Each structure stands twice: as structure tokens, then as C-alpha cells.
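This report refers to the structure that appears directly beneath it.
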Amino acid sequence: MSRRSTKYLKAALSALHYTGADGLFGSVTRGTGAILTLHQVGPEVPQAFSPNRILKITPYFLERTIQQTLEAGFDCVSLDEVAERLKSPEAYARPFVAFTLDDAYRDNITYAAPVFRRYGIPFAIYAPTDYLDGNGDLWWLALELAIAQLDRVALAIGAETFDLACATLLEKEQAFHTLYWVLRGVDETVARAAVAELCVGVGIDQKALCRDLIMTWDELKALARDPLVTIGGHTVRHYALAKLGAGAARYEMVAGIERLSAALGQPIRHFSYPFGDRDSAGDREFDIARSLGLATAVTTRKGLIRDGSTSDPMALPRLSLNGDYQDPLYTKVLLSGLPFAILDLARRVMPKSNASAKPLQV
Numbered sequence: 014m015s016r017r018s019t020k021y022l023k024a025a026l027s028a029l030h031y032t033g034a035d036g037l038f039g040s041v042t043r044g045t046g047a048i049l050t051l052h053q054v055g056p057e058v059p060q061a062f063s064p065n066r067i068l069k070i071t072p073y074f075l076e077r078t079i080q081q082t083l084e085a086g087f088d089c090v091s092l093d094e095v096a097e098r099l100k101s102p103e104a105y106a107r108p109f110v111a112f113t114l115d116d117a118y119r120d121n122i123t124y125a126a127p128v129f130r131r132y133g134i135p136f137a138i139y140a141p142t143d144y145l146d147g148n149g150d151l152w153w154l155a156l157e158l159a160i161a162q163l164d165r166v167a168l169a170i171g172a173e174t175f176d177l178a179c180a181t182l183l184e185k186e187q188a189f190h191t192l193y194w195v196l197r198g199v200d201e202t203v204a205r206a207a208v209a210e211l212c213v214g215v216g217i218d219q220k221a222l223c224r225d226l227i228m229t230w231d232e233l234k235a236l237a238r239d240p241l242v243t244i245g246g247h248t249v250r251h252y253a254l255a256k257l258g259a260g261a262a263r264y265e266m267v268a269g270i271e272r273l274s275a276a277l278g279q280p281i282r283h284f285s286y287p288f289g290d291r292d293s294a295g296d297r298e299f300d301i302a303r304s305l306g307l308a309t310a311v312t313t314r315k316g317l318i319r320d321g322s323t324s325d326p327m328a329l330p331r332l333s334l335n336g337d338y339q340d341p342l343y344t345k346v347l348l349s350g351l352p353f354a355i356l357d358l359a360r361r362v363m364p365k366s367n368a369s370a371k372p373l374q375v
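The numbering of the sequence shown is the numbering used here, which starts it at 14 and goes up by one.
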């Protein structure tokens, strides 16, 4: 999302707060619960060019969010309890919040886990098995590192060639946004080959980047022994499943789950679709998840669980704890559900409109 779009969205969220609209309508729009999406958690490192900053929050903001949800009367629950509440939402008087972290970043152990433990809060880690092997392709981070080093980026993506200026901060942000969304739209192998070639040219070791940022198997196994922790599947290679053939998509889901289960000695009952937006996971993937007997599977489609009895447990929406919105005001408004109710209404009234700029998703 561009800085201008972020500015406008912050203004809209602030307006809903200061007019009291979130408090007035929250009892109607809040629904039965929320599943929160996190990625990296760690100290803020100010950088002018940081397009992936939305994927990282500080430990302080995580702690403040936990305090905020508890003070607001939410039950902080595990994914197993989410599955139970979906079956009989009327049996629970209080709404719930579940914390989930995608990709198994090592900083989840260093910075996030101590905060969760301090408050006795359950949390889930979704882990791609290639990442745990040290072979993961975090191409969106590699792309940022490459553009940061260059004054001009030349990149062939399939049959299309790009030659973009990236000397200034604005040019770097525009180049990243352009290339990121082109890469998201092409075949997975094409996208990753293009970024790999770029990295070779500027001396970035993608495997070393993965090993630096992602947990090892031993670290995940130690974390999994904590009763507060749930480990979920996140495929083998973190591919956008909807881009794959049916057999390949099923393989990614099954192989990742089976390997995690064998390594950890426990069943894997929960799953997160990589990238998780409507272009990356749809009805076919939801049906695969259902056929595997999973208890829940989460997307990155934005929203709260408004009525557990009508929510598909294989296609659950989530609310992102976003590095650009580390303010309790924004969290409060989003947890009210009002922004999503407004967006849903806008989509019904103007189904062909593009209500907002695309956010980065991983």
C-alpha cells in the first residue's frame, strides 16, 4: 500500500474513532471474534526505504494489543478453541481473539513468545517446511534488499523486461510496488527465477537470508513443546496455491502438514494459505483443506468472524497487525468490525469498484 493510501486509511480510521461511530455500531459489527495476523516481531529499525515494514511490529505494540484486547473483554484463545467456538458461537458470551504468526520467523521466539508467555496468551506459528530447512525463498525481502542497493533495476520477468529508475526514495518505492505486483501475478517459478537472477547480480545470498531470519527445525520443536503454542501448516515452499495445478496445490498442503506432524510428533490441525488473498486461495484450496480433516484454515482476507455458525472454518478471514498502524486507536476501530462492514456495503453497492490500493501480502 502506498504512503498516500496509508495516510487516507489512517484518517478514515481516526474519523470512525473520534466520531464515536466504532463504539456506537461495534456491538452490531464486531461479531463473534477475530484472528490476528502477524509476521515478524522485533525492535523498530528506522529505514527510509522499507516497503516490507508492514510485516513487522514491535514487542511493545504486541504487548499493548494484548492488554487492549483483554481490557475490551475479549477472550484470547487457541486455534483449537476457535474451532470449537465456530461450532456453537451462541454458547459463548464474550468475543474471542486468536494470535497467529506466519512463516516461522526466528524473532517470534526472541521477541514475541516472551510477551505471550507473560500474559499466558495462546499463539500459533504457521511454518513452511522449506523455510525450516534453510532453503526458503523470501523473495519479497530479497527484492527490497536489491532495490535498496541499486540506482536502476533491470529485471526480466518471463517475456516482459523492466528497466526502472530507483535512485531516489520515491523511485525505489515505485519500483518495488511495480515489480512486486508483477511478480505476484506470474507463475511461481518464473517469479522466483527473476528475483534469484537479480540477487545474483547484486550479491544477495537468498539461502543465507532465510537461515538468518527463519527458525531451524530444532528451534521449532522446542517452541512446540510450550502448551501455549500451536504449530500449523503453511505448505512446503510458500507458493500461492491458486497458481498451481490441483495436484501440485494438494501436494504442497499435504507434504508440508505431514512433514511437520512427523517431526513434531503431533497432529497438525490448522493451516494458513500462503499470501492468502482471493488470488492466492479459493474454493479449490478450501475443499482440499476440508478433505484433509483440518480444524481451521486461515486466509488474509480482511475481516472478523461475524457469525461462527455461517463462517467456513476452511476460509477464515484475519485482521493484520500491520507495522504501519501500530497505534491502539487503529486496533480498537478495526476490532469493532465497522470498517469491514462499511467495505462490505460498498462492495455490494459498487461491485466493480476498486475500493482501495492493493496491500502487500505474504
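Virtual Cβ for every residue (Gly too), placed ideally from N, Cα, C. Just so it is clear, the structure is predicted and the values come from calculations on it, not from any experiment.
Do you know offhand how far R360's Cα is from F353's?
-> Walking along the sequence shown from the start, residue 360 turns up at place 347. Walking along the sequence shown from the start, residue 353 turns up at place 340. Cα-Cα distance, rounded: 10 Å.
Which complete beta strand (DSSP E) runs does the stretch 80-126 hold, if anything under 3 residues is left out?
For the stretch 80-126, whole beta strand (DSSP E) runs of length 3 or above, ordered along the chain, are 109-115.
Q | Contiguous beta strand (DSSP E) assignments of at least 3 residues, all confined to the stretch 215-283 | A | Whole beta strand (DSSP E) segments, 3+ residues: 242-246.
So who's on the other strand from E173, going by DSSP bridges?
Locating residue 173 in the sequence shown gives position 160, where the first residue counts as 1. When DSSP reads this structure, E173 sits in a beta bridge with I170.
**Request:** Using the Cα positions of K23 and Y338, report the straight-line distance between them to the nearest angstrom.
**Result:** Here residue 23 refers to the residue found at position 10 when the sequence shown is read from its first residue. Here residue 338 refers to the residue found at position 325 when the sequence shown is read from its first residue. The C-alpha of Y338 is placed about 8 Å away from the C-alpha of K23.
_Best match in L358, F62, D300 for proximity to D164 [C-alpha to C-alpha]_ = Stepping through the sequence shown from its first residue, residue 164 is reached at position 151. Relative to the Cα of D164, the nearest Cα in the group L358, F62, D300 belongs to F62.
Anyone know if the C-beta pair for V54 and Y124 falls short of 9 Å?
-> On the sequence shown, position 41 is the one that residue 54 refers to. On the sequence shown, position 111 is the one that residue 124 refers to. Yes.
Pull up the DSSP beta-bridge partners for T309, would you.
Within the sequence shown, residue 309 is the residue found at index 296, counting from 1. T309 is bridged to H283.
- Message: Please return the same chain residues whose Cβ sits closer than 6 Å to the Cβ of F175, not counting the five positions on each side in sequence.
- Response: Mapped onto the sequence shown, residue 175 falls at position 162. Non-local beta-carbon contacts of F175 in its own chain, meaning distances under 6 Å to residues more than five positions away in sequence, involve L168 in chain order.
Review point. Is the beta carbon of F112 sitting closer than 9 Å to the one on A137?
Key: Translated into positions along the sequence shown, residue 112 becomes position 99. Translated into positions along the sequence shown, residue 137 becomes position 124. Contact flag set, yes.
Candidates A275, Y105, T243, A206, of which the one nearest F284 by Cα: On the sequence shown, residue 284 is found 271 positions in, with the first residue counted as 1. With distances taken between Cα atoms, F284 lies closest to T243.
For Q187, does the three-state DSSP call read helix, strand or coil?
Residue mapping note: residue 187 aligns to position 174 of the sequence shown, counting from 1. Residue state, collapsed to three classes: helix.
- Item | Nearest-angstrom Cα separation, counted from E232 out to M327 | One-based indexing of the sequence shown puts residue 327 at position 314. One-based indexing of the sequence shown puts residue 232 at position 219. Straight through space, the alpha carbons of E232 and M327 are spaced by roughly 28 Å.
Given a cut-off of 9 Å on the beta-carbon distance, is the pair T50 and L334 in contact? Taking the sequence shown and counting its residues from 1, the one referred to as residue 50 is at position 37. Taking the sequence shown and counting its residues from 1, the one referred to as residue 334 is at position 321. It is a contact, given that the beta carbons lie within the stated cut-off.
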